[in-house]
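Here's the structure, in structure tokens; my notes come after.
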Amino acid sequence: MQKAQLLGYENHAAFMLENRMAKTPEKVANFLQELARKLHPLKKKEEEIFLKYKKEQVSEFGGVSLITWL
Numbered sequence: 000m001q002k003a004q005l006l007g008y009e010n011h012a013a014f015m016l017e018n019r020m021a022k023t024p025e026k027v028a029n030f031l032q033e034l035a036r037k038l039h040p041l042k043k044k045e046e047e048i049f050l051k052y053k054k055e056q057v058s059e060f061g062g063v064s065l066i067t068w069l
């Protein structure tokens with residue numbers, strides 16, 4: 000980090016990203032936020048498929064309900 004600050008960068012991540020495609024930590028954060036937004040419908044669809052499968056398994060074998068993290 001000291002090297003990055005000596006070269007005028009806020010932190011090591013900013014220093015390393017300058018030479019890469021992303022260029023700044025802010026661009027990386029924006030990319031990840033946009034990616035999450037675009038993938039949300041796919042997550043919902045896959046969650047529905049999984050929940051249907053889980054309900055079939057619970058009714059056939061018994062079990063507990065599904066608790067999602069997000």
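Going letter by letter, the sequence shown gives residues 0 to 69 in my numbering.
In this text, a Cβ means the ideal position worked out from N, Cα and C, and glycines have one as well.
Computed from a predicted model, the values in this text were never measured in an experiment.
Three-way DSSP call (helix, strand, coil) for residue i in this model
| i | result |
| --- | --- |
| L16 | helix |
| L6 | coil |
| A28 | helix |
| K22 | coil |
C-beta contact flag for residue i and residue j at 7 Å
| i | j | result |
| --- | --- | --- |
| A28 | F14 | no |
| P24 | A35 | no |
| K22 | L31 | no |
Any non-hydrogen atom of the ligand MG within 6 Å of residue i CB
| i | result |
| --- | --- |
| A28 | Absent from the structure shown: the ligand MG. Ligands present: none. |
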